[in-house]
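This report concerns only the one structure given below.
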Amino acid sequence: MHYIDAFNHFFPKALWQRIQELDGAGKDIGRRMQGIPCIYDLEARFRVMDEFRDYSQILSLGMPPLEAMGGPELSTEFAKLGNDGLAELVEKHPERFAGFVAALPMNAPEAAVREAERAFTELGANGLQIHTNVNGAPLDEERFFPIFETAARHGKPVLLHPSRNSSMPDYATEDKSKYEIWWTFGWPYETSAAMARLVFSGFMDRLPALKVLAHHMGAMVPYFEGRVGPGWDQLGKRTSDEDLSLVLKRLKKRPLDYFKDFYADTAVFGSRAATLCGLEFYGSDRILFASDSPFDPERGPGYIRDTLAILNGLDLPKEDLEKICFRNAEALFGLSAH
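If you want it as structure tokens, here you go:
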């Protein structure tokens, strides 16, 4: 079986070195990642990949979002450094890296459109990685629409990555999130909320060709199918301070049907139950194998190994397993077929 890992993270050398020069979020991420060599050390990366036969990756940058590390000028510089570096890795090691998704300076939307165009037309990027909010702003703000339009026009997917930190408290009476709740439960909420904003804002209707992959098996959506389906069919029944009746009328189909249009990946940290739930909701045509490497306790191979073991233990028909493991990635990212 061939395996294309659709969502994992790496910092090219030039960007990694530049990040180390920063204060704030950049310095913090540099300090946190020092214990995970294969997110910035190519030889360490290769050693991890060598543990798995017939395995390649679609590369994307790691956290935090570029816009969290500096203003528009700095994030634009970082995007170019990162995208140039990822493109070079794909060119030099095509047997290792099947492609890459470009990062954008989302706090500079016009520059983000230019960088997306450059990434697609000059670097051969296979998609875009966009985080679920832009320094706290929702993705359905009109200033971000041209970015999604650019991806749709080029036939490239948007990979939606959660972004939330401890500064977003779990309760209104507190100043910060405790016990890393912001990550464990906050990230799936972030992704689900961003998906909902793309749906109810009309972005999906305005861009019918747009393809969006929601990281971590579509977040909360598969498990909450009943709320997303019959629950949102009654949109407005639970709201007394504004009239939401026109929202459903403007949509071209049920809310649930839009959520089934998203793609999802298998990066659920070795959970068989979550994998089965997502497979039941999305079906084999819209799920891609992904590991989220190297953020496992082993700093690289753990989630790859666990995810492959789950997939190969599900007793799926060969055609469905091939779709999840590599064929869907080939189709979504525009790769040569095996």
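First residue of the sequence shown? That's 1 in the UniProt record's numbering, and the numbers climb one at a time after it. Every residue, glycine too, gets a C-beta built ideally from N, C-alpha and C.
In the DSSP secondary-structure assignment, Ala6 is not bridged to any residue. The alpha-carbon separation between Ala111 and Lys156 amounts to approximately 18 Å. Contact check between the stretch 170 to 186 and the stretch 202 to 211: fewer than three CB pairs, one atom from each, fall below 8 Å, which does not count as touching. CA-to-CA, the gap between Val90 and Leu248 works out to about 43 Å. If the five residues before and after Ala214 are omitted, its C-beta is found closer than 6 Å to the C-beta atoms of Leu160, Thr191, Met195, Phe262 and Ala264, all from its own chain and listed in chain order. Under the DSSP definition of a beta bridge, Asp265 partners with Leu288. If you check the CB distance, Tyr40 and Met49 do not come in under 8 Å. The Cβ atoms of Ile310 and Ser293 lie no closer than 8 Å to each other. In chain order, Leu66, Ala103, Leu104, Pro105 and Glu115 place their CB closer than 6 Å to the CB of Ala79, counting only its own chain and leaving out the 5 sequence neighbours on each side.
For Ile58, the enclosing beta strand (DSSP E) covers residues Tyr55 to Ser60.
Look at the beta carbons and you see the stretch 272 to 279 not touching the stretch 236 to 246: under three pairs across the two are nearer than 8 Å. Pairing Gly300 with Asn83, the inter-Cα distance amounts to about 22 Å. The C-alpha of Ala219 is placed about 12 Å away from the C-alpha of Trp183. Taking 8 Å as the upper bound for CB-CB distance, Ala6 and Ala329 are in contact here, some 5 Å apart. Per DSSP, Phe78 is one residue of the alpha helix (DSSP H) stretching across Pro72 to Lys92.
In this chain, the beta strand (DSSP E) harbouring Ile130 covers Leu128 to His131. For Val113, same chain residues with a beta-carbon under 8 Å away, outside a window of 5 residues either side, are Pro146, Ile147 and Thr150 in chain order. Counting C-beta atoms within 10 angstroms of its own C-beta, Tyr179 has fewer than 16 neighbours from the protein chains shown and is therefore classed as exposed. Closest in alpha carbon position to Phe295, among Arg31, Ile4 and Cys38, is Cys38.
Straight through space, the alpha carbons of Met217 and Phe281 are spaced by roughly 10 Å. Taking the C-beta atoms as reference points, Gly99 is found no nearer than 8 Å to Ile36. The Cβ atoms of Gln129 and Ser60 lie closer than 8 Å to each other. Exposed is the label assigned to Pro230, since fewer than 16 other Cβ atoms lie within 10 Å of its Cβ. Counting along the chain, the unbroken beta strand (DSSP E) around Phe97 starts and ends at Phe97 to Phe100.
Taking the CA atoms as reference points, Gly136 sits about 16 Å from Pro188. The C-beta separation of Ala152 from Leu210 comes to about 4 Å, placing the pair in contact by the 8 Å criterion. Beta-bridge partners assigned by DSSP to Leu42: none are found.
Around the beta carbon of His338, fewer than 16 other beta carbons lie within 10 angstroms, which makes this residue exposed.
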